[in-house]
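Novice:
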Amino acid sequence: MSERAPLDLDAIRARLADADGPAYWRGLEELSATDEFRDFLAHEFPENADQWGGDGVNRRRFLQLMSASFALAGLSACTRQPEEKIVPYIDQPEELVPGKPLFFATALSWRGYAVPVLVESHMGRPTKIEGNPQHPAFPAGGTDAFTQASILNLYDPARAQVVSHAGTIASWESLISALAPVLQAQAASGGAGFRILSGATTSPTLAAQMKDLLARFPQARWDRWDAIPRDAVRAGAQAAFGAPVAARYRFDRADAILSLDGDFLAGNPASVRYAADFASGRRIRRDRVKLSRMYAAESSPSLEGAVADHRIALRPGGVGDLARAVASAVGVASGSNAPLSAAAARFAAAAAKDLGAHRGASLVVAGEGQPPEVHALAHRMNHALGNVGATVELTDSVEVDPVPSLDSLRRLVEEMQAGSVELLVVVGGNPVFDAPADLDFRKALAKVRESVRLGFWEDETSEWCRWNVPMTHALETWSDLRAFDGTVTIAQPLIAPLYQGKSVHELVAVLAGSPDRTSHDLVKDYWRSQRPGLDFDAFWKRSIHDGFVAESGLPARNLAPSAAAANAVAAPSAPGGLDLVFRPDPTLWDGEWANNGWMQELPKPLTRLTWDNAALLSPATAARLGLASEDVVALSAGGRSVKAPVLVVPGHPDDVVTAHLGYGRRRVGAVGRGTGFDAYHLRVSAALSGASGATIAKTGAAWPLASTQLHQTMDGRSLVRAASLAKFRENPAFAREAGEDPAKDETLYKPAPLPLPASDPAWGMAIDLNTCIGCAACVVACQAENNSPVVGKEQVIRGREMHWLRIDRYYQGGLENPKTYFEPVLCMHCENAPCEVVCPVGATVHSPEGLNEMIYNRCVGTRYCSNNCPYKVRRFNFLQFADATTPSLKLMRNPNVTVRSRGVMEKCTYCVQRISSVRIESEKRGSPIRDGEIKTACQQACPAGAIVFGNIHDRESAVAAMKAEPLNYGLLTELNTRPRTTYLAKVWNPNPEIGGEA
Amino acid sequence: MQIFHRSTNFLAKLSIFGSLFIAAGLAGAAWEIYQSPWTTQVNVPKEQPVPFSHEHHVRGLGLDCRYCHTSVETSAFAGIPPVKTCMTCHSQIWTNAEMLEPVRASYRNGRSIEWTRVHDLPQFVYFNHSIHVNKGIGCASCHGRVDEMPITWQVNSLYMRWCLSCHRDPKPFLRPRDQIFNMSYAPPADQAALGERLAKEYHLLNTAQMTDCVTCHR
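These protein sequences, in sequence, are chains A and B.
Going by the working numbering, the first sequence runs without a break in its numbering and finishes at 998.
Going by the working numbering, the second sequence runs without a break in its numbering and finishes at 1216.
1. Cβ of alanine 49 (chain A) less than 7 Å from any chain B Cβ?
2. Need the endpoints of the alpha helix (DSSP H) that valine 918 (chain A) sits in, please.
3. Mapping the DSSP letters down to three states, classify isoleucine 797 (chain A) as helix, strand or coil.
4. With DSSP run on the structure shown, which of helix, strand or coil describes asparagine 867 (chain A)?
5. Does any C-beta atom of chain B lie closer than 7 Å to the C-beta of tyrosine 910 (chain A)?
6. What whole-angstrom Cβ distance do aspartate 261 (chain A) and valine 326 (chain A) have, given they're in contact under 8 Å?
7. To the nearest angstrom, how far is the alpha carbon of glutamate 29 (chain A) from that of glycine 664 (chain A)?
8. Quick one: Cα of alanine 622 (chain A) to Cα of alanine 628 (chain A), how far?
9. Is glutamate 47 (chain A) helix, strand or coil by DSSP?
10. Taking its Cβ as the centre, do 16 or more other Cβ atoms sit within 10 Å of tryptophan 1113 (chain B), making it buried, or is it exposed?
11. According to the Cβ coordinates, are valine 549 (chain A) and leucine 197 (chain A) closer than 7 Å?
12. Do alanine 344 (chain A) and valine 364 (chain A) have their C-beta atoms within less than 7 Å of each other?
13. Between the segment 1119-1139 of chain B and the segment 1175-1186 of chain B, are three or more C-beta pairs nearer than 8 Å?
14. From the beta carbon of threonine 982 (chain A), is the nearest beta carbon of chain B less than 7 Å away?
15. Evaluate the contact criterion for the segment 820-833 of chain A versus the segment 794-808 of chain A: three or more CB pairs, one atom per stretch, below 8 Å.
16. Buried or exposed: aspartate 50 (chain A), going by 16 or more other Cβ atoms within 10 Å of its Cβ?
17. I need the DSSP call for threonine 1209 (chain B), collapsed to helix, strand or coil.
18. When you compare the CB of glutamine 1207 (chain B) with every CB in chain A, is at least one pair closer than 7 Å?
19. I want to verify the contact list: residues of chain B whose CB lies under 7 Å from the CB of asparagine 847 (chain A), in sequence order.
20. Report the rounded CA-to-CA distance for methionine 1 (chain A) versus alanine 170 (chain A), giving the unit in angstroms.
21. Expressed to the nearest angstrom, what Euclidean distance is found between the alpha-carbon atoms of isoleucine 257 (chain A) and proline 301 (chain A)?
22. Run down chain B in chain order and give the residues with a C-beta less than 8 Å from the C-beta of valine 837 (chain A).
23. Closer than 8 Å, Cβ to any Cβ of chain B: which residues of the segment 879-901 of chain A, in chain order?
24. Any beta carbon of chain B sitting closer than 7 Å to that of proline 98 (chain A)?
25. For arginine 80 (chain A), go through chain B and note every residue whose CB falls closer than 9 Å to its CB, in chain order.
26. Around the C-beta of tryptophan 593 (chain A), are 16 or more other C-beta atoms found within 10 angstroms, so that it is buried, or is it exposed?
27. Among A:Asp226, A:Ala483, A:Pro93, A:Ile696, which has the Cα closest to the Cα of aspartate 631 (chain A)?
28. Is the shortest distance between the beta-carbon of asparagine 1126 (chain B) and the beta-carbons of chain A less than 7 Å?
29. Check each candidate in A:Gln939, A:Leu118, A:Gly799, A:Asp212 and name the one with the smallest Cα separation from arginine 874 (chain A).
30. Count the C-beta pairs between the segment 518-525 of chain A and the segment 173-184 of chain A that are closer than 8 Å, then say yes if the count reaches three, no if not.
31. With distances taken between CB atoms, is the gap from histidine 545 (chain A) to tryptophan 478 (chain A) smaller than 7 Å?
32. So within the segment 411-496 of chain A, which uninterrupted beta strand (DSSP E) runs reach at least 3 residues, ignoring any that extend past its ends?
33. Under 7 Å Cβ-Cβ, which residues of chain B neighbour serine 759 (chain A)?
34. For aspartate 612 (chain A), which of helix, strand or coil comes out of DSSP?
35. What does serine 724 (chain A) pair with, by DSSP beta-bridge criteria?
36. Whose Cβ in chain B lies nearer than 7 Å to the Cβ of valine 87 (chain A)?
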């Protein structure tokens, strides 16, 4: 491993200050223009055949192997197809038409809250998850990346599959009979030694079951632990209102937004809705030249900071200080004010003035990582600004019995250590891995006489529990859950449990002494008791069909916060030390997704890192400590230490190190093994969201990081275009004018075939950079829809990731606080496609409707097309990436898309399978395809409505309207490629009082 | 020094000349194999677990295609009847026939009959029955006179050029919609005019769209 030079910040700053320097940049390597970076650019395929996976296969050997396989392939072409069987039903279900998918409304669970979804099912196999646009809480549909990737969990061969006892295979029946005497003994003592541990939940049926159970065992307790707890949110509401009130926000009504380490765009149970609402305030059109303005103060780079018009990076305590300054300025008593830096003071003053100027249309949102005082302060500010009832709606708690989860766990662990817990039932979660390190849950667990675990995976916790029961996937069981607004979804299964899975309802029924009751009976009986009357069957059918129980949302309440301000000021950061900030991982969350290959390989929105987490540092801090990305350091806090690779992140606050939780799993399936470092090891109960006084020491070792931020780069061209609102008003067409649009016939090649008459469709896409929040739901949706494989860390480092749709992240401005841009890039479906003319075998051709087609069977893998593609959107199967052998994964595939094999080029098809099926239906009914009838997978998943697909011949279509906007521009149009995918340029809404124009 | 006799020159020339014929012969043989029923399975009756006779059920009893292939008008897949469909009649007639035992056994024990696929397109072809049936292509145009087959076989190669022969010019094969399921339909003398008229009436896609790769491959 060559020695990596520490960052030369001066050189980078000089290059940024240089007028000829790049306006938009992607990574520090690009800025420092090192030899490695030049080299990386020059070799689009750095993985050329001379070295193959590092196992010493050289070019000559490769050719020998290939010639042999060509000969064999030639012979095999002469054989006939193997015989196939058709296996009909005995009695075909009534609504099922073979060959046509069915869609069912149900709900997944995210942190205990409902994620209402529509699931596509092919002949009984769920294959794709979409949002449910009929659901009142999520009227725009859309999903996040986790929802999309959940289907892979269902079919993961590494799932827990059998009931086991002390490591040997057992059965559900044996568990029931083994528990009977234990429960009997507990019944005698009133359940004094009986504890249940689960995460937060909103399920009405489970709540009723728990109530029933605790009535039987009055001394028993139901404890709660979530690795990413919402304790601060609850405690903040408790402090402000004296009750665990839930707040829901209306970003669509907010003109000025202040985010205090906010995390509402990702990971929040309402993120999908908030993203849609936020986008509606950022959608700028010819007839709606208006933007909301967002201020973000944050202690770790986040999506909220990336989309904010003004962003300030602060140490964690500094966010609270800033909040107090803003609060004082808007007339909320906030106690003693710590002095702010000049920049923070200017930021606070401008934000406060703006919030005050938009009374009733402003919004202050605090993030889960901030202490309860900041949450309480945010509630008081919203009240003082007249936002309650306008942009903030307060309701009763949606969660069942919202207890502070850290207190709950701490009390449980104390009892376990004292040996007073005789029966512990752990539902889901993974406390052995993710409980605060000082509690040492594992040791306490060893003192419990009988432990039962209901878990989806075989993980660290199941290793230390006596009984293990595999948990059902949300698509395998009946249940019910509330969405963030309280609306109930009765979740129905789409498939019988693939293994011996049991649901939480069934397990609790066993504990309550009725082991033969199914989830279906439990849920249905609960609702029957809630809806007495003759029309229950109609209610039940309607609720299941629609995917929600009508009118079950919680009404908004009119509450005023108490005036008493909690004057706690965060302890000043220790001088010299670093502030350590813990955040849930953007793709693995708390670690539960560690075995999901799609989430592992999904580049994290800001760092573009895959397959690892890292200690994130600002450039200045890294330079001060003499560190560069990929250096392994010993990261210590509170006497605990882990080894972690460093990643330098522009815009990261100085003297802060961010550690994403969830990596470093010790007991996990093959996918998650050996990835990242365990940040939980540093997290203690006194400092769940971060610690001060952390230190970093260089170890001298290096750990390669698979970051895609420089992959498929389109070096130095004006790909992202942006302006401030004022400049946009001056010249709405600034983006178009920044590019060149050569005449159609300015080409050496024969002009493209004549387009079809205007009565026939011409497909095109427009992507609005103003509403894109970079959440990457589209990337995973594309992967799920198009059977795209996962390639693994080694291959990602070689630049071989197979995502058809990538999100390019660009920075603009200085290293300390650059503006961030997200740009989803997929095949442009050029009308003059450069790839088509160089293919020697006609494997990529143009359709009359304007699609650039990839014909896998013709492709011989020359990769000329990819070399000639200026957008770098073609992906080559260097190896057999698609798993064609694992039986459970075969069930997951979209049957309408070919699973590609080794040696074949592939790329975005505009979801041609969806176009085909809609076109066939429209031809059959004899009327043209309606606008919006075809949705590409990325478009359907996008929570912000940033991606629009349709017929550009139809002047009335949404996509044609977007392309007629003055902001519309194409990438690299100077090459006369005439891309069918275009972008709407980004417009910022900066506050002139702060400055910093785009 | 000369090792070979002068006459071997002739042998060398002959073998060079002859190799052309050998190459041509091999190519011809490969072509024949490619075309042969061994590869295409044309006219090769497939053995089935139950010797189901379309001839008997369609011509003899007059069952409509859609009685069993229920989804042919709505779905990509025409549908193979569930055993229950067989049992609607065979619980009443031929209830003890030895030949039908697999059907009854299947219904009894709930295990499906595994039929052998007769028309088997490769996995990279996405064929849709419903659009063909809705656009005036009769069953017999591709499947032949199924009503004359005691055991079902394939009458067309299903090779791409065979598909394309119609996709390039479907007019000779178009039928009125009420004749789609008529096995014995014969095109009228003025098929040219009829095809022209029906192509307009059915709003067929233009040739470029119909011969576009992604129409069938994706």
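Every residue, glycine too, gets a C-beta built ideally from N, C-alpha and C.
Specialist: This is what the structure holds:
1. Reliability of the predicted coordinates at alanine 49 (chain A) is poor, the pLDDT of 43 falling under 50, and the value obtained from them is presented with this limitation in mind. Output row for alanine 49 (chain A): interface = no.
2. 912-925
3. helix
4. helix
5. no
6. That belief does not hold up - the Cβ atoms of aspartate 261 (chain A) and valine 326 (chain A) are roughly 13 Å apart, past 8 Å.
7. 27 Å
8. 6 Å
9. Confidence at glutamate 47 (chain A) is low in this model, with a pLDDT of 49, below 50, so the placement of that residue is unreliable and no value is reported for it.
10. buried
11. no
12. no
13. yes
14. no
15. yes
16. Residue placement at aspartate 50 (chain A) cannot be trusted, given a pLDDT of 43 that sits under 50; the coordinates are not used to answer.
17. coil
18. yes
19. Sequence check: residue 847 (chain A) is serine here, not asparagine. The answer, in chain order, is Asp1210, Val1212.
20. The predicted model places methionine 1 (chain A) with a pLDDT of 40, which falls under 50 and marks its position as unreliable; any figure quoted below should be read in that light. Roughly 49 Å between the two C-alpha positions.
21. 17 Å
22. Result: empty, since nearest Cβ-Cβ is about 16 Å, beyond 8 Å.
23. Asn896, Val897, Thr898
24. yes
25. Trp1036, Thr1037, Thr1038, Gln1039
26. buried
27. A:Ile696
28. yes
29. A:Gly799
30. no
31. no
32. 423-427, 450-455, 467-470, 479-482, 488-491
33. Within chain B, no residue comes near serine 759 (chain A); the closest Cβ sits about 10 Å away, beyond 7 Å.
34. coil
35. A:Trp988
36. Ser1110, Glu1112
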